[in-house]
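Student:
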Amino acid sequence: MDPELHKALRLKAVETSQSVSELVNKVVREALSEDAEDIEAFEERVGEPLISYDEMIKRLRRDARI
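Start counting the sequence shown at 1; every next residue gets the next number (full-length UniProt numbering).
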């Protein structure tokens with residue numbers, strides 16, 4: 001682990017009265033939860049047709065989003 005990140009993590013642990021492990025576990029749980037949501041969203045959209053990057057840009061321009 002990057003020494004500066006580790007130092008910041010230790011300081012946060014002291015300030016929040018939590019252990020470094022508790023802080024790391026919380027962040028890992030949140031990241032895994034976000035990954036699970038992303039996977040679920042991909043699975044829900046698996047049947048949708050794919051469009052190219054160029055087509056997406058055209059649609060965004062057509063809809064005045066860019």
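Cβ coordinates follow ideal geometry from the N, Cα and C atoms, glycine included.
Fair warning: this is a prediction, and the values are worked out from it, not measured in the lab.
Is the CB-CB distance between Lys12 and Leu5 below 8 Å?
Tutor: Cβ distance not < 8 Å, so Lys12 and Leu5 don't count as in contact.
Student: For the putative contact between Leu9 and Val20, defined by C-beta atoms under 8 Å, what is the C-beta separation to the nearest angstrom?
Tutor: At roughly 6 Å, the Cβ-Cβ gap stays under 8 Å, so Leu9 and Val20 are in contact.
Student: In its own chain, which residues sit with a C-beta less than 6 Å from the C-beta of Leu60, not counting the 5 before and 5 after it?
Tutor: Answer for Leu60: Ile66, listed in chain order.
Student: Does DSSP put Pro3 in a helix, a strand or coil?
Tutor: The answer is helix: DSSP assigns Pro3 an H, G or I state.
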